[in-house]
Structures are given as C-alpha cells and as structure tokens.
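Read the structure below first, then the notes.
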Amino acid sequence: MSEHQYHPTVGEMSSDDVVIRAARPEDCKEILRMIKELAVYEEMAEKATLTEDALREDAFGDQPYYRALVAEVPSDGRDETRLIGYAMYYFCYCPWLGRAIYLEDFYVEPEYRGGGIGTSIMKEVAKIGVKHRCSKMQWVCLNWNDVAISFYKKHGGKDVT
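Residue numbers (the working numbering): 31 to 191.
See the structure below:
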C-alpha cells in the first residue's frame, strides 16, 4: 500500500482554508525548509547555513531576535495542516520617526501564490506594527526580483534607494 498526501492548490481553497498565525517552536523545521527554498530562488543557496536549532533559539529563547508568522493549509483533508508560507520580522527604531517594524524575510510557496495568501501575511505583519505603535514598515527586496517588486508596489511599497 502506498501513502498519498493531498495538497490543495490555490484554486481549490477558499480564504477560510488558510490560517495565518504566530510561529511556534515546532514550526522551525518547515520554516527552515522554506528559507532554503527562497535562498535557491535568490541564487544564494550556499549562504543559507542557519540550523533549525539556531532558528528556534533565536525566536523562542530567552532573548528573541525575531518573530514570525506562518501560513498553513489543510494537508490531507483531515485534521493535519501544512506550512506554505512565512514572514520573519523584528522591531527596530528610526531616529526620525520612532518605532518601526522590519520585514526581514517573506515567502509563499510558488504553487500557492496569486490567491491572496501573501497579502494576508503582509496585512498581519502591518497589524502587528500598528498594535505596537510603529510608524513605518520597512523591507529590502532584490532589485532583479520583479515579481516581489510588483507585489510590494501593489501594496503601497515605495523604493527609497
């Protein structure tokens, strides 16, 4: 007998099927998998040397260095779920404006793009920034990543370089 897993695609899901939530320590293995997928896309796979243990310690240790949100969808039509996206962020300070939130890393698996999941993640990060009285949200994008640039511009991003 072979084991099969069902992975719904964007066209098969409603927005109710996607849950955006705070990352938990047990999510670090899947977050690291997606970090490495993004590194391959960005042609920097050899630079992604972070370990699962370091990722976990740096988010959930005594002094967290980042926070993360994850996007999960049903995995097999039952009670199991699968992570298909994440955002890593941290708080910083702008000497002109005060509190800020920095979106360090942001990824949605390619087969789940175009269905609003990235928008939902971005909105949740923005809501966190508002809740913490941040005056701006900032991020960096590779200048050749036209898909990401278009996404950010669609959501009000401005090139400040």
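All C-beta atoms, glycine included, are put in the ideal place defined by N, C-alpha and C. Being a predicted model, the structure only gives us computed values, none of them experimental.
Output needed for residue 154: all residues of its chain with C-beta closer than 7 Å, excluding positions within five of it in sequence on either side, in chain order.
Around residue 154: 50, 99.
With DSSP run on the structure shown, which of helix, strand or coil describes residue 113?
When secondary structure is reduced to three states using DSSP, residue 113 falls in the strand class.
Measure the Cβ-Cβ separation of residue 64 and residue 127 and say whether it is below 9 Å.
At least 9 Å separates the beta-carbon of residue 64 from that of residue 127.
With H, G and I counted as helix, E and B as strand and the rest as coil, what does DSSP make of residue 140?
The DSSP-derived three-state label of residue 140 is helix.
Cβ shell of residue 172 (< 8 Å), same chain only, five flanking positions each side left out:
Taken in chain order, the residues that qualify are 72, 178.
So if DSSP puts residue 194 in a beta bridge, which residue, or which two residues, is it bridged to?
Within the shown structure, residues of the chain are numbered from 31 to 191, placing residue 194 beyond reach of any answer.
As a quick exercise: from 55, 183, 66, pick the residue whose alpha carbon is nearest that of residue 138.
The residue with the shortest Cα to Cα distance from residue 138 is 66.
Using a Cβ distance threshold of 8 Å, determine whether the segment 158 to 165 contacts the segment 117 to 136, with at least three qualifying pairs required.
Taking 8 Å as the limit for Cβ pairs, the verdict is that the segment 117 to 136 does touch the segment 158 to 165.
Thinking C-alpha only, which one of 82, 115, 52, 90 is nearest residue 141?
For residue 141, the nearest C-alpha among the options comes from 115.
Skipping 5 residues on each side, what residues in its chain have a beta carbon closer than 8 Å to that of residue 35?
Unreliable positioning characterises residue 35 in this predicted model, as indicated by a pLDDT of 41, which lies under 50. The coordinate reading is nonetheless provided below. Only residues of its own chain outside the window of five on either side were considered, and among them 105, 106 have a CB closer than 8 Å to the CB of residue 35, listed in chain order.
Could you check the C-alpha separation between residue 134 and residue 170 for me, to the nearest Å?
Going by the C-alpha atoms only, they are around 8 Å apart.
Starting from residue 98, follow the beta strand (DSSP E) in both directions and report where the run begins and ends.
Run containing residue 98: 97 to 104, per the beta strand (DSSP E) assignment.
Give the straight-line distance between the Cα atoms of residue 59 and residue 94, rounded to the nearest whole angstrom.
Computed Cα separation, rounded: 17 Å.
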